[in-house]
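Colleague:
Residue numbers (our numbering): 3 to 188.
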């Protein structure tokens, strides 16, 4: 399917008790993946501005969720797919759990939003606006239940498969909440 413009998906699940560079890539594989660190920080700032304007506490930046989000954005561009579940079929919540553990918490929940944009540049305001214009995305961004966030924004000049060899930026936003720290027994 040809890749055109921006596309986005969102899903969230509740589970309780849950740049790499290559010089000679084979055909159809991105030749270079670049993290967009500034874009990641700007997206968090933009989402927090929207939340605070509505009296909702801002997201805390969670390094473990950022690592999970970056890894997923990289995988989507390397392997040419666009989905919450991993290319091998691993559910998004299980993938995120590897980084943002549920171990030691009474309550654990994660959600995710994705966006893909053709070309090299997209700004944080456009990303957040696209999500706010979609009811499921809007619900996630404006839910006071989510406390932590990690953004992974990755660019390549030649994305395979789903992206049709086009230049693309993929953004993954992983949301989480952990509550009720369980005391370790002796």
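Using N, Cα and C, we set each Cβ at its ideal position, and we do this for glycine too. From a predicted model like this one, the values you see are computed outputs, not experimental measurements.
Just to confirm before moving on: does the CB-CB distance between residue 170 and residue 161 stay below 8 angstroms?
Modeller: Yes; because the gap between Cβ atoms is below 8 angstroms, this pair is in contact.
Colleague: Determine the contact status of residue 122 and residue 86, defining contact as a CB-CB distance below 8 angstroms.
Modeller: In this structure, residue 86 does not lie closer than 8 angstroms to residue 122 by Cβ.
Colleague: What residues are listed by DSSP as bridge partners for residue 177?
Modeller: Bridge partners of residue 177: 113, 151.
Colleague: Have a look at 152, 183, 36 and flag the residue whose alpha-carbon is nearest the alpha-carbon of residue 114.
Modeller: Comparing Cα-Cα distances from residue 114 to each of 152, 183, 36, the minimum goes to 152.
Colleague: Check whether the segment 86-95 and the segment 53-65 touch, using three or more Cβ-Cβ pairs below 8 angstroms as the test.
Modeller: No, because fewer than three Cβ pairs between the segment 86-95 and the segment 53-65 fall closer than 8 angstroms, the two stretches do not touch.
Colleague: If we ignore side chains and look at the alpha-carbon of each, how far apart do residue 143 and residue 167 end up?
Modeller: Straight-line Cα distance between these residues: approximately 31 angstroms.
Colleague: Starting from residue 48, trace the alpha helix (DSSP H) both ways and give me its first and last residue.
Modeller: It spans 39-55 - the alpha helix (DSSP H) in which residue 48 sits, taken as one unbroken run.
Colleague: So for residue 66, helix, strand or coil by DSSP?
Modeller: Helix, per DSSP.
Colleague: Determine, using beta carbons only, whether residue 173 and residue 52 come nearer to each other than 8 angstroms.
Modeller: Cβ atoms of residue 173 and residue 52: not closer than 8 angstroms.
Colleague: Could you check what DSSP says for residue 157 in three-state terms: helix, strand or coil?
Modeller: Residue state, collapsed to three classes: strand.
Colleague: Whole angstroms are fine: how far does the CA of residue 120 sit from the CA of residue 146?
Modeller: Cα-Cα distance, rounded: 31 angstroms.
Colleague: Alpha carbon to alpha carbon, how far is residue 24 from residue 125?
Modeller: In this predicted model, residue 24 has a pLDDT of only 33, less than 50, meaning its place in the structure is not dependable; the value taken from the coordinates is given anyway. Between residue 24 and residue 125, the C-alpha separation is close to 26 angstroms.
Colleague: Could you say which of 76, 42, 47, 68 lies nearest to residue 34 if we only look at CA atoms?
Modeller: Out of 76, 42, 47, 68, 76 has the C-alpha closest to the C-alpha of residue 34.
Colleague: Would you identify the three-state DSSP class for residue 168, choosing helix, strand or coil?
Modeller: Coil.
Colleague: For residue 185, I'd like the list of residues in its chain whose CB is within less than 6 angstroms of its CB, leaving aside the five on either flank, ordered along the chain.
Modeller: So the list is empty, once near-sequence residues are dropped.
Colleague: Please say whether residue 117 and residue 141 have beta carbons closer to each other than 8 angstroms?
Modeller: Result no, Cβ atoms of residue 141 and residue 117 do not sit closer than 8 angstroms.
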